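For the sequence shown, counting from 1, position 217 maps to 227 in the numbering used here; every step adds exactly one. Ideal Cβ positions, reconstructed from N, Cα and C, are used throughout, including at glycine. It should be emphasised that the depicted structure is a prediction, and the values quoted were computed from it without experimental measurement. Single-structure report; data block below.
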Amino acid sequence: MHPKNLHQRPYQFKELITANSELEQFVFVNEFNTQTIDFNNPSAVYQLNRAILKSDYGLSEYTIPEGYLCPPIPSRADYVHHIHTILQEEKLHGAIKGLDIGVGANCIYPILASKIYHWKMVGSDINKMAVSAAIANVNCNPELSHKIEIRQQLQNANIFEGIIQPKEYFHFTMCNPPFYNSKENAERETQNKLKGLSYAIDTKRNFGGMPNELWCNGGESLFLKRMIKQSFAFKKQVGIFTSLVSKSESLPKIKKQLIKLGARYKVVHITQGNKKSRIISWKFLD
């Protein structure tokens, strides 16, 4: 975990319940005499996230429509902190402005980026309901309304075009791409994971997720190859492009595409508990 991430210590449930009383019903003491929640319960995870955002980041309110992705806050904050490090390495300073591709109903990256580093953020999404929910999360926290703007991508084939306006400049872009290549693949991997954790096979995914949030044709490698190809046209309007890469086997194809287009890239490996992921950043040299 990034050294600046405040989520280094175990969850402080007393403080979190004070911030969000609805969390209390999901907290129990396990066999190790430690307070916890059932992380396989979507409602418990949702209320935990609301508590963290209220307690640690000062949000007034936070809601996610049922069925939409409810991401773990510590890992999302980690991505934001790593982007800050990348910006420092690239000597990109000033009034930072970032773009989150696929902002989702949760709007979590713009919220964290604006709260932690006071950056201005734009979030884009193809899903109309996700856009509406993200806007609602911004509007119910007045201190965010002048820092975060949500835009709908009207053309499914486009990633940057239609979102980045002429003469508009972003210091960085970020993305947590769909990592499954089909609904069936997503469900199969979820069941395998739950089986390994000794949960019932019909248990729901604990963090939720709509189709456009979880899978796309070709999975993350094809999505990122398309993103890289389209990013070339915006190389003068973006300081550094970044994305999470969930699967290590996606990297060779992504690197090949970057080399083909003459990009300079860097991979940062991140580990949180048993989960390993990576951030890839790239820019095009003149």
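Pairwise C-alpha distance: residue j and residue i
i	j	result
K64	A29	6 Å
Y78	A54	14 Å
I5	I111	The chain is shown from 11 up to 296; residue 5 falls before or after that span and cannot be answered.
A146	E71	10 Å
P187	E230	6 Å
L164	I174	13 Å
F23	Y67	15 Å
K245	M131	18 Å
K286	A243	31 Å
Q18	F233	32 Å
H128	Q35	33 Å
T73	S31	15 Å
K101	D48	43 Å
G283	I62	19 Å
L58	T281	21 Å
L97	A167	28 Å
I289	P81	17 Å
I83	R161	23 Å
Y239	E99	Looking at the sequence itself, residue 239 is Lys, so the reference to Tyr does not match. So the alpha carbons of these two residues sit roughly 24 Å apart.
I93	H279	13 Å
K177	C185	22 Å
N306	V37	Any property of residue 306 remains undetermined from this structure, which presents the chain solely from 11 to 296.
H12	R60	22 Å
I269	K235	11 Å
I126	N50	28 Å
Q247	S258	29 Å
Y21	Y56	14 Å
D296	T95	23 Å
K14	P52	28 Å
G172	V277	28 Å
Beta strand (DSSP E) segment containing residue i, residue limits
i	result
E184	Note that residue 184 is Met in the sequence shown here, rather than Glu. Looking at the DSSP string, the run of the beta strand (DSSP E) that includes M184 is F180 to C185.
Y275	A273 to Q282
T252	V248 to V255
First and last residue of the uninterrupted alpha helix (DSSP H) at residue i
i	result
M237	G229 to S241
K286	Here K286 belongs to no alpha helix (DSSP H); instead the beta strand (DSSP E) covers K285 to F294.
I269	L261 to K270
G29	With the sequence shown as reference, residue 29 is identified as Ala, and Gly is not the correct amino acid for it. F23 to A29 is the span of the alpha helix (DSSP H), which, as asked, contains A29.
Whole-angstrom C-beta distance between residue j and residue i, which should lie under 8 Å
i	j	result
S260	Y275	That belief does not hold up - the Cβ atoms of S260 and Y275 are roughly 13 Å apart, past 8 Å.
T183	G108	7 Å
M237	S253	7 Å
I158	G133	7 Å
G272	F251	G272 to F251, Cβ: 14 Å. No contact.
S241	F170	6 Å
L300	L33	Because the chain spans 11 through 296 in this model, residue 300 falls outside it and cannot be assessed.
F330	G249	Residue 330 cannot be examined here, being either before or after the span of the chain that is shown, 11 to 296.
Assess contact between the segment 110 to 122 and the segment 136 to 148, defined as three or more Cβ pairs (one per stretch) separated by less than 8 Å. Is contact present? Yes, they touch.
Validate contact between the segment 67 to 84 and the segment 41 to 48 using beta carbons, cut 8 Å, 3 pairs: These segments do not touch.
At a cut of 8 Å, does the segment 260 to 274 reach the segment 120 to 128 through at least three beta carbon pairs? Result no; under three Cβ-Cβ pairs closer than 8 Å.
Which residue spans inside the segment 108 to 169 form an unbroken alpha helix (DSSP H) run of at least 4? Counting whole runs of 4 or more residues, the segment 108 to 169 contains the alpha helix (DSSP H) stretches 118 to 127 and 138 to 149.
For the segment 79 to 93 against the segment 150 to 166, are there 3 or more C-beta pairs whose distance is under 8 Å? Counting Cβ pairs under 8 Å, fewer than three are found: no touch.
What runs of the alpha helix (DSSP H), each 4 residues or longer, lie entirely inside the segment 48 to 101? Annotation note: the segment 48 to 101 contains the following uninterrupted alpha helix (DSSP H) runs of length 4 or greater, listed N- to C-terminal: 52 to 67 and 83 to 99.
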